[in-house]
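A.B. asks: Here the working numbering is used: the first residue of the sequence shown is 190, the next is one more, and so on.
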Amino acid sequence: MRIIVVYDVEEKRVQKVLKFLRRYLNWVQNSVFEGEITYTELKEIKQGLKKIIKTDTDSVVFYKLKDSPFEKEVLGIEKSNVTNLY
């Protein structure tokens, strides 16, 4: 499954979330990751993030993309050289 993860967490937890998500996904810009993962990995990511974030103040959004190819366009500096997710 292709996925984009966007997060907004308190500053003291940003590095923990960043380090954790880098185990599974490609960092594309501040607070944004993308990649191809399995449903099992998605479950692991959600469980891991629940241990790091505070659900009453932090936010993590998961965008699950359909299986069809999509086009990615970047304006400005691209922080990751990943060109596709399939």
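All residues carry an ideal CB built from backbone N, CA and C; glycine is no exception.
Quick caveat: nothing in here was measured; it's all calculated off a predicted structure.
1. Buried or exposed for Phe251, going by 16 or more other Cβ atoms inside 10 Å?
2. Helix, strand or coil for Arg191, going by three-state DSSP, please let me know.
3. Hey, Tyr213 and Val206 are a contact pair by Cβ (cut 8 Å); roughly how many whole angstroms apart?
4. Where are the alpha helix (DSSP H) runs, 4 residues long or more, that stay fully inside the segment 199-227, in chain order?
5. Does any CB atom of chain B fall closer than 8 Å to the CB of Leu238?
C.D. replies: Straight from the coordinates:
1. exposed
2. strand
3. Contact doesn't hold; Cβ gap of about 12 Å is too wide.
4. The segment 199-227 contains, as complete alpha helix (DSSP H) runs of 4+ residues, the segments 200-210 (chain order).
5. Judged by its chain identifiers, the structure shown contains no chain B, having just a single protein chain.
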